[in-house]
Amino acid sequence: NAGVTQTPKFQVLKTGQSMTLQCAQDMNHNSMYWYRQDPGMGLRLIYYSASEGTTDKGEVPNGYNVSRLNKREFSLRLESAAPSQTSVYFCASSVRLASSYNEQFFGPGTRLTVL
Amino acid sequence: GDSVTQMEGPVTLSEEAFLTINCTYTATGYPSLFWYVQYPGEGLQLLLKATKADDKGSNKGFEATYRKETTSFHLEKGSVQVSDSAVYFCALSGAGGTSYGKLTFGQGTILTVHP
Chain A
1 NAGVTQTPKF QVLKTGQSMT LQCAQDMNHN SMYWYRQDPG MGLRLIYYSA
51 SEGTTDKGEV PNGYNVSRLN KREFSLRLES AAPSQTSVYF CASSVRLASS
101 YNEQFFGPGT RLTVL
Chain B
1001 GDSVTQMEGP VTLSEEAFLT INCTYTATGY PSLFWYVQYP GEGLQLLLKA
1051 TKADDKGSNK GFEATYRKET TSFHLEKGSV QVSDSAVYFC ALSGAGGTSY
1101 GKLTFGQGTI LTVHP
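Those protein sequences? They're chains A and B, same order as listed.
Just so you know, the numbering used here puts 42 at position 42 of the first sequence, and the rest follows in order with no gaps.
Just so you know, the numbering used here puts 1051 at position 51 of the second sequence, and the rest follows in order with no gaps.
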């Protein structure tokens, strides 16, 4: 039982390049999330997927797109990377969104640097 | 909207010292409250949670009590160990409106424990 896995662990891009961050969970969770973590700012929600087939914007969606490929997988795409997107990206999952007991399980993160 | 404020860090303690990390929140209704911990190079792990007023969450010697009257959820541990060195995040899960079920994080507090 691997929990939440993310690939790659590290990535360096040049401004304007594109890339996709991959996330998968094996806990049969319905809801999945993408966050970015910046120093002194905690984690901020980029996009989330309440269930397979649905995606919604979070707090900081500009410059990103997502795909909920199936129940297990939720990818984050940067179409044209900018230095402001240098950050650590975390994927998370939970049993379901619509609960105030929303315990989320996190992946190990992807450290992205945009030059 | 919902918000979480943590005490400014970093916090540096000697082994066996008493730890308090303050956390206050602003939210509508009755959110659930969480403390997550992030060890170096890893993703976030749930440390403890409380889902209603006056609930006390506890785990690994850490405790926090949901105080609705002061909108606080301070983290405490009576005797810290070197292995407790990590970043600690306070978070809430919204109880209503567009924030329902989503996590809002504080900025994180870096704890370093010296032998």
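Glycine is no exception: its CB is placed at the ideal position from the N, C-alpha and C atoms.
What residue does the beta strand (DSSP E) around residue i start on, and which one ends it?
i, result
"Arg-111 (chain A)", "110-114"
"His-1114 (chain B)", "1109-1114"
"Gln-1038 (chain B)", "1032-1038"
"Leu-69 (chain A)", "Leu-69 (chain A) -> no beta strand (DSSP E), and no H or E assigned at all."
"Arg-96 (chain A)", "It is not in any beta strand (DSSP E) - Arg-96 (chain A) carries neither H nor E in the DSSP assignment."
DSSP beta-bridge partners for residue i?
i, result
"Glu-103 (chain A)", "Per DSSP, none; premise fails for Glu-103 (chain A)."
"Thr-1020 (chain B)", "B:Glu-1076"
"Lys-1060 (chain B)", "BP columns for Lys-1060 (chain B) are empty, so no partner."
"Arg-1067 (chain B)", "B:Ser-1072"
"Val-1087 (chain B)", "B:Gln-1038, B:Ile-1110"
Which chain B residues are close to residue i, counting only those with a beta carbon under 7 Å from its beta carbon?
i, result
"Gln-104 (chain A)", "Leu-1103"
"Leu-21 (chain A)", "In chain order: nothing, as chain B lies at least about 14 Å away."
"Gly-107 (chain A)", "Gly-1043"
What separation, rounded to the nearest whole angstrom, lies between the Cα atoms of residue i and residue j?
i, j, result
"Ala-1027 (chain B)", "Tyr-1066 (chain B)", "13 Å"
"Ser-18 (chain A)", "Thr-1070 (chain B)", "46 Å"
"Glu-1008 (chain B)", "Thr-1109 (chain B)", "7 Å"
"Gln-1085 (chain B)", "Thr-1012 (chain B)", "Note that residue 1085 (chain B) is Ser in the sequence shown, not Gln. Rounded to the nearest angstrom, the two C-alpha atoms are 9 Å apart."
"Lys-1068 (chain B)", "Gly-1094 (chain B)", "14 Å"
"Tyr-1025 (chain B)", "Val-1004 (chain B)", "4 Å"
Identify the contact partners of residue i in chain B, using a Cβ-Cβ distance below 9 Å as the criterion.
i, result
"Phe-90 (chain A)", "Gly-1043, Leu-1044"
"Gly-53 (chain A)", "Those do not exist, as Gly-53 (chain A) stays about 17 Å from chain B at its closest Cβ, beyond 9 Å."
Using a cut-off of 7 Å between C-beta atoms, extract the partners of residue i located in chain A.
i, result
"Gly-1108 (chain B)", "Gly-42"
Just the chain A side, please: which residues come within less than 9 Å of residue i by C-beta, in chain order?
i, result
"Phe-1089 (chain B)", "Gly-42, Leu-43"
Based on Cα-Cα distance, which residue from the options lies nearest to residue i?
i, options, result
"Glu-1076 (chain B)", "B:Ala-1091, B:Gln-1107, B:Ser-1058", "B:Ser-1058"
"Val-1082 (chain B)", "B:His-1114, B:Phe-1073, B:Gly-1001, B:Leu-1092", "B:His-1114"
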